[in-house]
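Colleague:
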Amino acid sequence: MGAMFAALFCAQVIAALGFGHHFPWSVPGLYAGIAGPDQERPGPIGFLLVLAVGAAGVLATAAWWCRADHHR
């Protein structure tokens with residue numbers, strides 16, 4: 002839960018600083034337009050970073066499940 006709040010906080014701060022279009026956790030909000038009209042819209046790099054982070058999460062979860070102790 003703490004990691005989720007930390008990611009949300011970082012997404013807000015980084016988007017406010019103007020670098021949100023390259024930060025994967027800020028891209029959905031910027032794409033939806035909730036940050037306001039003056040914020041830069043995410044481009045292909047932002048969307049690729051979102052896909053890369055999502056793929057890394059899926060692979061890391063699958064690797065953890067393969068190595069987890071399921072004998073308890």
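In this note's numbering, the protein residues as written are 2 to 73.
Where is the CB? At the ideal position from N, CA and C, for every residue including glycine.
The structure presented is a predicted model; accordingly, all values stated were derived computationally and were not measured.
1) Would you kindly work out how many angstroms separate the C-alpha atoms of Ala16 and His22, rounded to a whole number?
2) Closest by CA to Arg42, which one among Ala63, Pro29, Ala53?
3) With DSSP collapsed to three states, give me the class of Met5.
4) Unbroken alpha helix (DSSP H) runs of length 4 or more, entirely within the region 20 to 70: which are they?
5) Taking 8 Å as the threshold (C-beta atoms), are Pro25 and Leu9 in contact?
6) Taking the C-alpha atoms as reference points, what is the distance between Arg68 and Leu60?
7) Kindly examine the ligand GDP and report whether one of its heavy atoms sits closer than 7 Å to the Cβ of Ala56.
Modeller: Let's see:
1) Going from the Cα of Ala16 to the Cα of His22 covers about 7 Å.
2) Selected option, being the one with the closest Cα: Pro29.
3) Met5 falls in the helix class under three-state DSSP.
4) As far as the region 20 to 70 is concerned, its whole alpha helix (DSSP H) runs of at least 4 residues are 28 to 33, 45 to 68.
5) One thing to note: Leu9 has its Cβ no nearer than 8 Å to the Cβ of Pro25.
6) In this model, Arg68 and Leu60 are separated by some 12 Å (Cα to Cα).
7) Looking for the ligand GDP in the displayed structure turns up nothing, as the structure carries no ligands at all.
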